[in-house]
Amino acid sequence: MILRSLELKHFGKFAERTFEFRRGMNLVTGPNEAGKSTLMEAIPAVLFGVRNKERFKPWGRNGGSSVALVLEGRNRTVRIERDILSDLVRLTEHDDLYHELFQFEGKVAPNGRSSERGEYYEQLARLFGIAEEDVFRASLFFGQGYLDVPGQSAMTAKIKGLLSGFVEVDYDKVLESLNEDLFAVTRVSPWGKDKTKDRELEEVTKRIGALETQWFEARGALKDLETLRDEIAELDKSIRLDRDEYLKGERYLAWARKQWQLEEKEVGLRKDFARVNRQSVKVEDLEKQRQQLAKELSKTGLPREIPEDLVKILVDADDERKELVSLQGESTALRKDLLAHKAPRWKPSVGLSVVLFAMGGAVAWFFPGRLVQSLLGAGLATAMIWIVYLWKAGKERAERGRIQGQAQVLERKREEAQARLATLDERFERLGMSPSAVEIVKMQKNLARHQELLEQLKEVEIALNVLDRSEELKRDQDDLTRELAVLDERMEKEKPLRPEGLLPLDELPGAEEKLQALGESLHDREQRLLELTRREAALHGAIGDLQQIEEEGERLKLREMALLRRRDALIAAYELLSGSVEEFRRTYLERFAGEIGAYLTSATCGRYARVRLDEDFSLSLPGKGEGIWQEVGSFSRGTIDAVYLAVRLALTRHLSHGRRLPLFLDDPLVNFDADRQAETLIALESLSREHQIIFFTHNEGLFKRAGQKRWNLISLDEAKNSRIRANEERKDDVGQLHLL
3 MILRSLELKH FGKFAERTFE FRRGMNLVTG PNEAGKSTLM EAIPAVLFGV RNKERFKPWG
63 RNGGSSVALV LEGRNRTVRI ERDILSDLVR LTEHDDLYHE LFQFEGKVAP NGRSSERGEY
123 YEQLARLFGI AEEDVFRASL FFGQGYLDVP GQSAMTAKIK GLLSGFVEVD YDKVLESLNE
183 DLFAVTRVSP WGKDKTKDRE LEEVTKRIGA LETQWFEARG ALKDLETLRD EIAELDKSIR
243 LDRDEYLKGE RYLAWARKQW QLEEKEVGLR KDFARVNRQS VKVEDLEKQR QQLAKELSKT
303 GLPREIPEDL VKILVDADDE RKELVSLQGE STALRKDLLA HKAPRWKPSV GLSVVLFAMG
363 GAVAWFFPGR LVQSLLGAGL ATAMIWIVYL WKAGKERAER GRIQGQAQVL ERKREEAQAR
423 LATLDERFER LGMSPSAVEI VKMQKNLARH QELLEQLKEV EIALNVLDRS EELKRDQDDL
483 TRELAVLDER MEKEKPLRPE GLLPLDELPG AEEKLQALGE SLHDREQRLL ELTRREAALH
543 GAIGDLQQIE EEGERLKLRE MALLRRRDAL IAAYELLSGS VEEFRRTYLE RFAGEIGAYL
603 TSATCGRYAR VRLDEDFSLS LPGKGEGIWQ EVGSFSRGTI DAVYLAVRLA LTRHLSHGRR
663 LPLFLDDPLV NFDADRQAET LIALESLSRE HQIIFFTHNE GLFKRAGQKR WNLISLDEAK
723 NSRIRANEER KDDVGQLHLL
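Under our numbering, think of the first position of the sequence shown as 3, with each following residue one higher.
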């Protein structure tokens, strides 16, 4: 699996930047503060999150920060993206055809304990074999100029557990399980303290001893069985004889008791029948009376339940109608007055005016010199006539206006009265009554009668409510009639042939006491028989259990043998596994030291080929003299780095479990001299055939080697990055020259 790309968005000094990587060696260069360490820290940041989120907040900018990486390998592609501030993680896995194989999305905080975090870490373990950040940093992650294992005290135990295989298989738990399986078989321990409570083996042994005791007891039960069977036969015979007599007496007393009960029942039924007949007649009379009262009540024109405001409505309706009649009379009188004050006739005035002018004309005809006087006199006379006419006409008009005003007032009052009367009519209609004047007068007259009838009707209904309904009484009559008929038929059928054959009623209690005494005697004997039968069954079972005891004894002996074999097998397995575990624990550090030595030979140009690992994981190198070892801390910084580089490479190979995971190195050779650096680079190039290596450095001298070895070059220096791209383009052009 290789890291194909790394996408940074507002992470540290990077605004938005994507870095592409290839298989084999990848060299990331740049001067100090160019962002190499930030770029390298982005990898554990996206995988495990960041505890100190202020460290990688974008420079000079507020907002979100995210990192995404893309991994390729084994015909699949995995993309992991994390929001650094919110710890929202999205993991997707696709095959070569871009079909989605797996998807995960959730919040995975570094210090969280959610179920989503557990699911995500399971996927990391599946992909990398590593699900812990400190193990990741101690194996695949090589820090700048410091190759020692971080968190020495805590990590030592984890690394020892990973190397010894106790993470994958806890052999102590396996041994403990074998010990528990042994104690499940027996309480006796061959190595330590025994258990106090018996296990299956001890229980089977005890059960075999108990079965032997039962077998001897069953042999002695045969003698008691014969005596018991004779007693049972005699007791059973006496019980059968008395049982027949008891059943006969019980049947006779039941028959006699039934005869007397039928007579008592007949008397009771006839009493009930008479009572029901009386009550039925009374109910019938009351229902007729109720129907008559209801009919008379309906004739009053009032509802049965008079509303509280009906009386007021009736009074208001009567007052409104009276007021309407009064207003109608006044309106009629005003119309008569209006007709009496007609306008004066104008035709007589016109005729008189014509006559006067004719007379003036005649005078002027006869007296020509008096024409003006004649016409003036005629005009004055005519004017006086029309003045009188106009005065009378004005007076009549004023009187008519007054009368019309009064008529309008009366009309408004009449309309208001009609509106109020219409409202009252609507209230009558809502109450289900006719609003006509005749009905209203009728209802006013019948109010007292209605109240009287209603009181009588309520008394009748109260009486009916106390009594049963007529339908129920009719049904009771039919039922009683039918029961009496059936009872008469039964009494006739079961009537004794001889009246003296029926036991008198006063002798029934004595006969029942005798029968009860016989029943109690039978019960006691039956209980005794039951007890004897149980004893017989117990003895018979004890005798019959002989074969069962023998069969169970054989089966338990076979089980005992199987348990003994299982016990011996568990003891042998425990001793064999415990010895193997001890041997493995003694040798796994030596094997791991041998793997470290192979890498150390290349890193130190063959000067050191061996290393010793103690139980506390402290490292030592051969000193001067045979058999002398010195701690790594007493050597030079370059030698120390070479040792821990070899440790990490060996640890990475061990933890990968066949996975070819990428290695991340941040200037790990800064303390190496030229020769050791060259040898170590050769070892890394050889390792890059199996593992992708991403090498971060500020060493300009590695550029030439990277170009010669055709490493993938990534420069964080923008100017140099441009030259690298130009060189790559020229290389591509040169590669095409052979086609010319």
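All residues carry an ideal CB built from backbone N, CA and C; glycine is no exception. For clarity, every value in this text was computed on a predicted model and none was experimentally measured.
Item: Since Thr79 contacts His101 with CB under 8 Å, what's their CB separation in whole angstroms?; Value: The pair is not a contact, with the Cβ atoms about 11 Å apart (cut-off 8 Å).
Item: Please classify Arg691 as buried or exposed, where buried requires at least 16 neighbouring CB atoms within 10 angstroms.; Value: exposed
Item: As a quick exercise: from Ser88, Gln453, Glu233 and Ala127, pick the residue whose alpha carbon is nearest that of Arg537.; Value: Glu233
Item: Hey, which unbroken runs of the alpha helix (DSSP H) at 4 residues or more fall wholly within the stretch 368-435?; Value: 373-432
Item: Can at least three beta-carbon pairs, one atom from the stretch 25-41 and one from the stretch 704-714, be found at a separation below 8 Å?; Value: yes
Item: What are the partner residues of Thr68, as DSSP defines its beta bridges?; Value: For the sequence presented, residue 68 should be read as Ser rather than Thr. Answer by DSSP bridge pairing, in chain order: Lys11 and Asp85.
Item: Specify whether the stretch 261-277 and the stretch 474-482 touch according to this definition: at least 3 beta carbon pairs, one from each stretch, less than 8 Å apart.; Value: yes
Item: Expressed to the nearest angstrom, what Euclidean distance is found between the alpha-carbon atoms of Leu505 and Ala258?; Value: 7 Å
Item: Rounded to whole angstroms, what's the CA-CA distance from Lys15 to Lys55? Just pull it up for me.; Value: 14 Å
Item: If you compare alpha carbons, which of Lys516, Gln458, Glu83 and Thr425 is closest to Leu299?; Value: Gln458
Item: Mapping the DSSP letters down to three states, classify Gln738 as helix, strand or coil.; Value: Note that Gln738 has pLDDT 41, beneath the 50 cutoff, so the model's placement of it is unreliable and the number below is only indicative. In this structure, Gln738 counts as helix in the three-state DSSP scheme.
Item: Where does Glu95 fall in DSSP's three states?; Value: strand
Item: Going by DSSP, name the residue or residues bridged to Pro20.; Value: Per the sequence shown, residue 20 should be read as Thr rather than Pro. Note: Thr20 sits in a beta bridge opposite Glu9.
Item: With a threshold of 6 Å on Cβ separation, who are the neighbours of Lys225 within its own chain once the five nearest residues in sequence on each side are excluded?; Value: none
Item: State yes or no: is the C-beta of Val613 within less than 8 Å of the C-beta of Gly599?; Value: yes
Item: Grab the span of the beta strand (DSSP E) containing Pro624 for me, first residue to last.; Value: Leu621 to Pro624
Item: Leaving aside the five residues before and after Glu633 along the sequence, list all residues of the same chain whose C-beta is less than 6 Å from its C-beta, in chain order.; Value: Ser622
Item: Check whether the stretch 324-331 and the stretch 400-420 touch, using three or more Cβ-Cβ pairs below 8 Å as the test.; Value: yes
Item: Tell me which residue opens and which closes the alpha helix (DSSP H) that Glu43 is part of.; Value: Lys38 to Phe50
Item: Looking at Tyr601 and Leu665, is the spacing between their C-beta atoms short of 8 Å?; Value: no
Item: Taking the alpha-carbon positions, what's the Leu10 to Ser580 distance?; Value: 52 Å
Item: Using three-state DSSP, classify Arg119 as helix, strand or coil.; Value: helix
Item: Does the distance from the C-beta atom of Gly66 to that of Leu99 stay below 8 Å?; Value: no
Item: Measuring only the C-alpha atoms, how far is Arg323 from Ala424?; Value: 11 Å
Item: Compare the beta carbon distance of Met3 and Leu73 with 8 Å and say whether it is the shorter of the two.; Value: yes
Item: Could you tell me the alpha carbon to alpha carbon distance between Ala400 and Gln406, rounded to whole angstroms?; Value: 10 Å
Item: Per DSSP, which residues does Val30 bridge with? Please list them.; Value: Phe698 and Ile716
Item: My guess is that Val187 and Glu205 are in contact by the Cβ rule of under 8 Å, so how many angstroms apart are they, rounded?; Value: Between Glu205 and Val187 the Cβ distance is about 11 Å, and since that is not below 8 Å, they are no contact.
Item: When you compare each of Phe23, Leu531 and Gly625 to Glu236 by their alpha carbons, which one comes out closest?; Value: Leu531
Item: Out of Gly640, Arg128 and Phe697, which one is the CA nearest neighbour of Gly32?; Value: Phe697
Item: If you drop the 5 nearest sequence neighbours on each side, which residues of the same chain put their C-beta closer than 7 Å to that of Ser604?; Value: Glu681, Thr682, Ile684 and Ala685
Item: Among Leu354, Trp348 and Ala595, which has the Cα closest to the Cα of Trp393?; Value: Trp348
Item: If you follow the alpha helix (DSSP H) that Asp136 is in, where does it begin and where does it stop?; Value: Glu135 to Ser141
Item: Among residues of its own chain, excluding the 5 on either side of Thr743, which ones have a beta-carbon nearer than 8 Å to its beta-carbon?; Value: With the chain running from 3 to 742 in the structure shown, residue 743 is simply not present.
Item: Helix, strand or coil: how does DSSP classify Asp668 here?; Value: strand
Item: Could you tell me the alpha carbon to alpha carbon distance between Gly596 and Phe185, rounded to whole angstroms?; Value: 41 Å
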